[in-house]
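**Q** Chains as they are written, first to last, in the numbering used here: chain A, 206 to 381; chain B, 206 to 381; chain C, 206 to 381; chain D, 206 to 381; chain E, 206 to 381; chain F, 206 to 381. No residue lacks a Cβ here, since even glycine has one placed at the ideal position from N, Cα and C. On a predicted model such as this, the values are computed, not experimentally measured, just so you know. First the structure, which I've put down as structure tokens, then a few questions once you've had a look.
There are 6 protein chains.
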Amino acid sequence: MGYEMRSTLTARKMTANATLGLAHRPDEFRAFFAYHDALMLKEGGLSKGEREMIVVATSAANSCHYCVVAHGALVRVYEKKPLLADQVAINYRKADISPRQRAMLDFAMKVALLSAEIEESDFAALHEHGFTDEDAWDITAIASFFGMSNRIANATGMRPNDEFYLMGRVPKPPRG
Amino acid sequence: MGYEMRSTLTARKMTANATLGLAHRPDEFRAFFAYHDALMLKEGGLSKGEREMIVVATSAANSCHYCVVAHGALVRVYEKKPLLADQVAINYRKADISPRQRAMLDFAMKVALLSAEIEESDFAALHEHGFTDEDAWDITAIASFFGMSNRIANATGMRPNDEFYLMGRVPKPPRG
Amino acid sequence: MGYEMRSTLTARKMTANATLGLAHRPDEFRAFFAYHDALMLKEGGLSKGEREMIVVATSAANSCHYCVVAHGALVRVYEKKPLLADQVAINYRKADISPRQRAMLDFAMKVALLSAEIEESDFAALHEHGFTDEDAWDITAIASFFGMSNRIANATGMRPNDEFYLMGRVPKPPRG
Amino acid sequence: MGYEMRSTLTARKMTANATLGLAHRPDEFRAFFAYHDALMLKEGGLSKGEREMIVVATSAANSCHYCVVAHGALVRVYEKKPLLADQVAINYRKADISPRQRAMLDFAMKVALLSAEIEESDFAALHEHGFTDEDAWDITAIASFFGMSNRIANATGMRPNDEFYLMGRVPKPPRG
Amino acid sequence: MGYEMRSTLTARKMTANATLGLAHRPDEFRAFFAYHDALMLKEGGLSKGEREMIVVATSAANSCHYCVVAHGALVRVYEKKPLLADQVAINYRKADISPRQRAMLDFAMKVALLSAEIEESDFAALHEHGFTDEDAWDITAIASFFGMSNRIANATGMRPNDEFYLMGRVPKPPRG
Amino acid sequence: MGYEMRSTLTARKMTANATLGLAHRPDEFRAFFAYHDALMLKEGGLSKGEREMIVVATSAANSCHYCVVAHGALVRVYEKKPLLADQVAINYRKADISPRQRAMLDFAMKVALLSAEIEESDFAALHEHGFTDEDAWDITAIASFFGMSNRIANATGMRPNDEFYLMGRVPKPPRG
Chain A
206 MGYEMRSTLT ARKMTANATL GLAHRPDEFR AFFAYHDALM LKEGGLSKGE REMIVVATSA
266 ANSCHYCVVA HGALVRVYEK KPLLADQVAI NYRKADISPR QRAMLDFAMK VALLSAEIEE
326 SDFAALHEHG FTDEDAWDIT AIASFFGMSN RIANATGMRP NDEFYLMGRV PKPPRG
Chain B
206 MGYEMRSTLT ARKMTANATL GLAHRPDEFR AFFAYHDALM LKEGGLSKGE REMIVVATSA
266 ANSCHYCVVA HGALVRVYEK KPLLADQVAI NYRKADISPR QRAMLDFAMK VALLSAEIEE
326 SDFAALHEHG FTDEDAWDIT AIASFFGMSN RIANATGMRP NDEFYLMGRV PKPPRG
Chain C
206 MGYEMRSTLT ARKMTANATL GLAHRPDEFR AFFAYHDALM LKEGGLSKGE REMIVVATSA
266 ANSCHYCVVA HGALVRVYEK KPLLADQVAI NYRKADISPR QRAMLDFAMK VALLSAEIEE
326 SDFAALHEHG FTDEDAWDIT AIASFFGMSN RIANATGMRP NDEFYLMGRV PKPPRG
Chain D
206 MGYEMRSTLT ARKMTANATL GLAHRPDEFR AFFAYHDALM LKEGGLSKGE REMIVVATSA
266 ANSCHYCVVA HGALVRVYEK KPLLADQVAI NYRKADISPR QRAMLDFAMK VALLSAEIEE
326 SDFAALHEHG FTDEDAWDIT AIASFFGMSN RIANATGMRP NDEFYLMGRV PKPPRG
Chain E
206 MGYEMRSTLT ARKMTANATL GLAHRPDEFR AFFAYHDALM LKEGGLSKGE REMIVVATSA
266 ANSCHYCVVA HGALVRVYEK KPLLADQVAI NYRKADISPR QRAMLDFAMK VALLSAEIEE
326 SDFAALHEHG FTDEDAWDIT AIASFFGMSN RIANATGMRP NDEFYLMGRV PKPPRG
Chain F
206 MGYEMRSTLT ARKMTANATL GLAHRPDEFR AFFAYHDALM LKEGGLSKGE REMIVVATSA
266 ANSCHYCVVA HGALVRVYEK KPLLADQVAI NYRKADISPR QRAMLDFAMK VALLSAEIEE
326 SDFAALHEHG FTDEDAWDIT AIASFFGMSN RIANATGMRP NDEFYLMGRV PKPPRG
């Protein structure tokens, strides 16, 4: 949950459960969200929606209930494609994404699942699609940060807010 | 690298390579070390050496060159056991650790490798050895944070300082 | 897609894409749906919603885009729980299900992923929750049949109808 | 067991145990064998022996006692090569098969084990050996159907008839 | 191939291909067969047939064409059970073996596949079935020795003699 | 432990624990060390240090406490590179080795982990770096022999002598 999204949630009188989960550890809370915002809210070669796609694909690989649902909502909101998040979560190879985004997710999945085997050829595959070294760092850092987030959420049983499941699926979400 | 260790390194005119690796991203750098210090330097139910054992065991599972070597040095320094870090890295089940530490590392390894399958019985196994819920959070957070650190270090090819390989192995390490 | 569901779809002027995908092989088509209906539409110890939960959990383990989305819709429709399908797909261990349903899905997942290791103790775990031998056969056959379906859909790139993504998520789904 | 084989068995006064195993579920029984016959007995680009090789290779990957033994017999009978079935079961890469058959089994094994990762390049590898799209469907459907069969046989402990172990190994099998 | 079996083969004018494969390295050849004979031909708590079952089960797990076929022949010859070797190779959990032999193979498979996780409880499971510490050493050493043999045979493409496929399957094997 | 190393140890009044572990089985002991010496002490295309690198990389993959520590010492002693053994053990892809040594270890790791999938292309990759067929046999045999050694050491809980941890790390190792 970045600043922007937290504003959106605030407007809807929601607090993301992740916020509550970490709240009893203020130092960790501050560091977690500072890191999160540094990766997810800055300008750069990856769009906000693309960053969230990385989160959804890798979080699904880690079977993280919280992150797939919450960040799936963000994929839908940022990309304005109501089907995309489910596609990326189930099998990103079959999702309606560009070849560039496919290369991005291939790299992100290798960071999530086989980081010790990343080599020059993996970076070369990114460069072929126009990604810079800074973009490669972003993909790496996002997949790594949410690998941390997935593990914390899995172990602590963090649950997504009910609102996230439907967010971005219909033109005007029903107000409760 | 926490504050204390960084002081030690400073005294030796060393800068941990991890510090240099992250330096070109100041916001991420600050958040990374703030999070690191919140987890590794605070008081709590786990000793500093035990926290570093978690780092070494899980980083070895992730084949992270940087973290196994750098944090292996810290295990040796904090625990004053020159053989322990190698034992924990290669196969923690055979290491000279207490049953309590074995339970701690079993839990940490499940966080690192199979976090989606963590259930109440895993926490119960910790409680049997006197770990509190706050300790369980610490183990979770440390294994998760260094899971992130391992992936970043692996993908970016971060290398440990040469000094770390020998640190804590001999009574008085040779000065360069 | 069983008869009942096909009626629903007909009422909405939809034809499930799975129907189209198999249509060029009439003998396989007839046998596939005869088998499907024999497993999914009959009376028995498992409710229709529970059968569909088996499909969703095992299809997610097989990363089957078609089956997770299409049968996720059926879980929502039959169980009238709009969040349940996503929970079961991402990590059934964290889903809002009964202990009996958890035992059912544990068995189904072992059929899907490790069938050679199924032993008496696995059946005993089912019996403890009141499942009969006929129920165990049903769970086995459903997980096995959709293991087939998943592989065909994955290899042929079968895609779910767009309508399935939203079905059962809101009280009155929008009509196209 | 297709019609032809069932005739052979009938002539020998044998009933394949698979027939007995499914007999208490007449609807499933009929659908299973209708599907089986649609895949295994029709004319097409794959010989009967080649279809059975697919069954043996993928069933061995699934450790299915029934299918490896029963369909191993069929490989020997159809191909008239008494050593081939064991070779395909143990490690198809070392079997005495043509490069075309190797490509067929590579594809079949990917369907059995990693279907979510099948992509255009896998089909291209088949086409290089002269397989058509219909042949690719056949390979897919056979590997998928027997993936179902393997799981049912494994979970229910289905055992092959003793006669299958020796069938096709010697010029004239001993009559009991 | 131990001394006794080599005598049998000599009587049939056969030389096991494994003998030929190693022959160009006389020192390795001598050490290999000295080790082999020390493990497979000595007296002890395991029968010759049981030792060969260990070879077949673990060699199948390693997909070793040579060892499964050649030592499958020995299982049939020693145990006088023509179906047993195939059962053990495909899925030892479904084989017609005693609970004691099942425990023996469970331990052997853990040596072959997960030796780093062997702990006291694994030895205790053996002791419950009357195995001594010397028997446990035998099981360990046989599974380990053939793990070596499997890897050499796999990498060098060693092929079993044609005669092994049929040996022990019929009361009087046909003479060529 | 080969002859040469045993001399070194003798000079230091050490007996490698592996020697003690096997001593109660004299026939196995003699065969083990005869095989060991045939592989590790002979002249050939691989240097002694390279052979020990193979041992360390594959033993780390098998999580063998004894072999990683004892043969890590030998890598340091033979190669006179105090950091190399740890690098090879943790992730040989990141170690300071030549492209030729990388190809050697890639092949050795495939022997250790996936020997059934070794094909001509794997040998071709070795030949590209100037390795002969005899060298390929050496790599295969060493990775296979220590795969055996790893399993025996893991199951029997063999522990390395304390001296091995430090050997080769400092110019003049401290005498006890």
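I want to know whether the region 286-296 of chain E touches the region 321-331 of chain F - three or more CB-CB distances under 8 Å.
**A** Contact between the region 286-296 of chain E and the region 321-331 of chain F is absent, because fewer than three Cβ pairs lie under 8 Å.
**Q** Put D:His276 into one of helix, strand or coil per three-state DSSP.
**A** As a working note, residue 276 of chain D is residue 71 in the fourth sequence. It is helical.
**Q** Which class does C:Gln295 belong to by DSSP, given the choice of helix, strand or coil?
**A** Within the third sequence, numbered from 1, the residue matching residue 295 of chain C stands at position 90. According to the sequence displayed, residue 295 of chain C carries Ile and not Gln. In this structure, C:Ile295 counts as helix in the three-state DSSP scheme.
**Q** Would you mind working out which of C:Arg356, C:Val260 and C:Val316 sits nearest C:Val280, comparing C-alpha positions?
**A** Translated into positions along the third sequence, residue 280 of chain C becomes position 75. With distances taken between Cα atoms, C:Val280 lies closest to C:Val260.
**Q** Given a limit of 8 Å on CB to CB distance, which residues of the region 297-322 of chain C reach chain E?
**A** For the region 297-322 of chain C, which is checked against every Cβ of chain E, the residues closer than 8 Å are Ala321 and Glu322.
**Q** For D:Tyr283 and E:Asp291, I'd like the C-alpha separation in whole angstroms.
**A** To locate residue 283 of chain D, count along the fourth sequence from 1; it is residue 78. To locate residue 291 of chain E, count along the fifth sequence from 1; it is residue 86. If you take the alpha carbons of D:Tyr283 and E:Asp291, they lie about 20 Å apart.
**Q** What number of angstroms, rounded off, separates the C-alpha of F:Phe234 from the C-alpha of F:Ile357?
**A** Taking the sixth sequence and counting its residues from 1, one reaches residue 234 of chain F at position 29. Taking the sixth sequence and counting its residues from 1, one reaches residue 357 of chain F at position 152. Near 12 Å, if we compare the C-alpha coordinates of F:Ile357 and F:Phe234.
**Q** For a minimum of 4 consecutive residues, which ranges assigned as the alpha helix (DSSP H) are wholly contained in the region 333-371 of chain B?
**A** With a minimum length of 4 residues, the continuous alpha helix (DSSP H) runs that stay inside the region 333-371 of chain B are 338-361 and 367-371.
**Q** From C:Leu244 to A:Tyr370, what distance separates their C-alpha atoms?
**A** Locating residue 244 of chain C in the third sequence gives position 39, where the first residue counts as 1. Locating residue 370 of chain A in the first sequence gives position 165, where the first residue counts as 1. Those two C-alpha atoms are separated by around 30 Å.
**Q** Classify A:Gly373: buried if its beta carbon has 16 or more other beta carbons within 10 angstroms, exposed otherwise.
**A** On the first sequence, position 168 is the one that residue 373 of chain A refers to. That one is buried.
**Q** Note down, in chain order, each residue of its chain lying with its Cβ closer than 7 Å to the Cβ of A:Phe237, except the 5 sequence neighbours on either side.
**A** Taking the first residue of the first sequence as 1, we reach residue 237 of chain A at position 32. Taken in chain order, the residues that qualify are Leu227.
**Q** Could you name the residues of the same chain whose beta carbon sits closer than 6 Å to that of F:Cys269, not counting the 5 residues immediately before and after it, in chain order?
**A** Start at 1 with the first residue of the sixth sequence, and residue 269 of chain F comes out as number 64. Once the five neighbours on either side are set aside, the close Cβ partners of F:Cys269 are Asn355, Ala358 and Asn359.
**Q** Relative to the C-alpha of B:Glu333, which candidate in B:Phe312, B:Ala294, B:Gly277 and B:Met363 has its C-alpha closest?
**A** Indexing the second sequence from 1 puts residue 333 of chain B at position 128. The candidate whose alpha carbon is nearest that of B:Glu333 is B:Phe312.
**Q** Can you name, in chain order, every residue of its own chain whose Cβ lies under 8 Å from the Cβ of E:Pro304, other than the five neighbours on each side?
**A** Here residue 304 of chain E refers to the residue found at position 99 of the fifth sequence. So the list reads His334, once near-sequence residues are dropped.
**Q** Counting C-beta neighbours from all protein chains within 10 Å, is the total for F:Ala275 16 or more, i.e. buried, or is it exposed?
**A** Numbered from 1 along the sixth sequence, position 70 holds the residue referred to as residue 275 of chain F. By the 10 Å Cβ count, F:Ala275 comes out buried.
**Q** Is the beta carbon of D:Ala265 sitting closer than 9 Å to the one on D:Ile302?
**A** As a working note, residue 265 of chain D is residue 60 in the fourth sequence. As a working note, residue 302 of chain D is residue 97 in the fourth sequence. Cβ distance not < 9 Å, so D:Ala265 and D:Ile302 don't count as in contact.
**Q** Which residue wins for smallest C-alpha separation from C:Gly361, given the options D:Met258, D:Arg298, D:Asp340 and D:Gln306?
**A** Taking the third sequence and counting its residues from 1, one reaches residue 361 of chain C at position 156. Note that residue 361 of chain C is Thr in the sequence shown here, rather than Gly. The option with the nearest alpha carbon to C:Thr361 is D:Asp340.
**Q** Would you say C:Ala228 reaches chain A, if we count a Cβ-Cβ gap shorter than 9 Å as a contact?
**A** Within the third sequence, numbered from 1, the residue matching residue 228 of chain C stands at position 23. It does not: the Cβ of C:Ala228 has no partner Cβ on chain A nearer than 9 Å.
**Q** So F:Asn359 contacts chain E; which residues on that side make the cut at Cβ distance below 7 Å?
**A** Taking the first residue of the sixth sequence as position 1, residue 359 of chain F is located at position 154. Ordered by position in chain E, the residues that pass the 7 Å Cβ test against F:Asn359 are Ser320, Ala321 and Ile323.
**Q** When you compare only the Cα positions, how much space is there between C:Ala300 and A:Cys272?
**A** Position 95 of the third sequence, counting from 1, holds the residue named residue 300 of chain C. Position 67 of the first sequence, counting from 1, holds the residue named residue 272 of chain A. Answer to the nearest angstrom: the Cα atoms are 14 Å apart.
**Q** Return yes when the Cβ of A:Phe336 is within less than 9 Å of the Cβ of A:Met309, no when it is not.
**A** As a first step, residue 309 of chain A is located in the first sequence; it is residue number 104 there, counting from the start. As a first step, residue 336 of chain A is located in the first sequence; it is residue number 131 there, counting from the start. Result yes, Cβ atoms of A:Met309 and A:Phe336 sit closer than 9 Å.
**Q** For E:Phe336, would you say it is in contact with chain G, using Cβ-to-Cβ distances shorter than 9 Å as the test?
**A** The chain labelled as chain G is not found among the protein chains of the depicted structure, namely A, B, C, D, E and F.
**Q** Leaving out five residues on either side along the sequence, give the residues of the same chain with a beta carbon under 8 Å from the beta carbon of D:Lys315.
**A** Position 110 of the fourth sequence, counted from the start, is the residue given in the question as residue 315 of chain D. Closer than 8 Å at the Cβ level, and outside the excluded window around D:Lys315, lie Glu322, Ile323 and Asp327.
**Q** Just how far apart, CA to CA, sit D:Arg256 and D:Leu331?
**A** As a first step, residue 256 of chain D must be located in the fourth sequence, where it is residue number 51. As a first step, residue 331 of chain D must be located in the fourth sequence, where it is residue number 126. Going from the Cα of D:Arg256 to the Cα of D:Leu331 covers about 15 Å.
**Q** Measuring only between beta-carbons, confirm whether B:Arg148 sits less than 9 Å from chain A.
**A** Nothing can be reported for residue 148 of chain B: it is not among the residues displayed for chain B, which extend from 206 to 381.
**Q** In angstroms, rounded to a whole number, what distance separates the CA positions of C:Leu246 and C:Gly254?
**A** Within the third sequence, the letter at position 41 stands for residue 246 of chain C. Within the third sequence, the letter at position 49 stands for residue 254 of chain C. Approximately 11 Å, taken between the alpha carbons.
**Q** Just to check my reading of the structure: E:Val293 and E:Ala262 have Cβ atoms closer than 8 Å, yes? What is that Cβ distance to the nearest angstrom?
**A** If you number the fifth sequence from 1, residue 293 of chain E lands on position 88. If you number the fifth sequence from 1, residue 262 of chain E lands on position 57. That pair is a contact at about 5 Å.
**Q** Give the secondary structure of F:Lys315 by DSSP, where H, G and I count as helix, E and B as strand, and everything else as coil.
**A** For the purposes of this step, residue 315 of chain F is taken as the residue at position 110 of the sixth sequence. DSSP places F:Lys315 in helix when its eight states are reduced to three.
**Q** Along the chain, where does the alpha helix (DSSP H) containing F:Ser264 start, and where does it finish?
**A** Counted from its first residue, the sixth sequence places residue 264 of chain F at position 59. Run containing F:Ser264: Lys253 to Ala266, per the alpha helix (DSSP H) assignment.
**Q** When we look at the beta-carbon of C:Pro365 and count the other beta-carbons within 10 Å, is it buried (16 or more) or exposed?
**A** Counted from its first residue, the third sequence places residue 365 of chain C at position 160. Classification of C:Pro365: buried, given that the 10 Å Cβ count is 16 or more.
**Q** What is the rounded straight-line gap between the Cα of B:Glu248 and the Cα of B:Ile347?
**A** Residue 248 of chain B sits at position 43 when you count from the first residue of the second sequence. Residue 347 of chain B sits at position 142 when you count from the first residue of the second sequence. Answer to the nearest angstrom: the Cα atoms are 14 Å apart.
**Q** Would you mind reading off the limits of the alpha helix (DSSP H) that contains F:His241?
**A** The residue labelled residue 241 of chain F in the question sits at position 36 within the sixth sequence. Taken as a continuous stretch (DSSP letters only), the alpha helix (DSSP H) holding F:His241 covers Pro231 to Met245.
**Q** Write down the C-beta distance between E:Gly352 and F:Met353 rounded to the nearest angstrom, noting that I regard them as a contact closer than 8 Å.
**A** Along the fifth sequence, read from residue 1 onward, the residue named residue 352 of chain E stands at position 147. Along the sixth sequence, read from residue 1 onward, the residue named residue 353 of chain F stands at position 148. With 8 Å as the limit, E:Gly352 and F:Met353 qualify as a contact, their Cβ atoms being about 6 Å apart.
**Q** Against chain B, does F:Val274 count as a neighbour if the rule is that its beta carbon must be under 9 Å from one of theirs?
**A** Taking the first residue of the sixth sequence as position 1, residue 274 of chain F is located at position 69. With 9 Å as the cut-off, F:Val274 counts as an interface residue toward chain B.
**Q** Leaving out five residues on either side along the sequence, give the residues of the same chain with a beta carbon under 8 Å from the beta carbon of B:Tyr240.
**A** Within the second sequence, numbered from 1, the residue matching residue 240 of chain B stands at position 35. Same-chain partners within the cutoff: Phe350.
**Q** When DSSP labels each residue in this structure, what does D:Pro376 get in the three-state scheme?
**A** Against the fourth sequence, residue 376 of chain D aligns to sequence position 171. Coil at D:Pro376, not helix or strand.
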